[in-house]
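Residue numbers (the working numbering): 158 to 250.
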Amino acid sequence: MEIFDFINNILFFKKNHVELNCEEYKKYNSYLVNRWISMHSSDNAMIVNQTVNRKNFLCKDSDSQYNFLLNVIPRSKYKKIEYIKKNANEDKA
């Protein structure tokens, strides 16, 4: 699984999760998953901030954090997630 497979499963598909193997642990980055989920909608951003970021002691490893998000984040309709990036300053010399 790639990082976007994890995100799509958490947000849209909600398939039952099997244990992550060692290679998938390396691909799962909790910071990036939290960031992309919070960019999906303001409701998801609030859920991530109130649960995962403040109660990070509940999720000791990647597998538990993934299962927690899979159960806490509600299923959403599919929409493209627009990556929020800094605007380029055009008046630089």
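For each residue, glycine too, the CB sits at the ideal point set by N, CA and C. Keep in mind the model is a prediction, meaning the values are calculated, not measured.
State the Cα-Cα distance for the pair residue i and residue j, rounded to the nearest angstrom.
i, j, result
"S187", "S219", "7 Å"
"Y182", "D162", "13 Å"
"I167", "K217", "18 Å"
"N224", "N201", "16 Å"
"I194", "A245", "24 Å"
"Q207", "K234", "22 Å"
"L227", "K171", "7 Å"
"I204", "N213", "13 Å"
"M158", "R232", "20 Å"
What residue from the options has the CA that sits closest to residue i's CA?
i, options, result
"K237", "P231, Y185, M196", "M196"
"I160", "E180, K171, Y185", "Y185"
"F169", "S198, N178, K243", "S198"
"V190", "I164, N173, I230", "I164"
Any alpha helix (DSSP H) of 4 or more consecutive residues that is wholly inside the region 217–242:
At a cut-off of 4 residues, the continuous stretches assigned as alpha helix (DSSP H) that sit fully inside the region 217–242 are 219–229.
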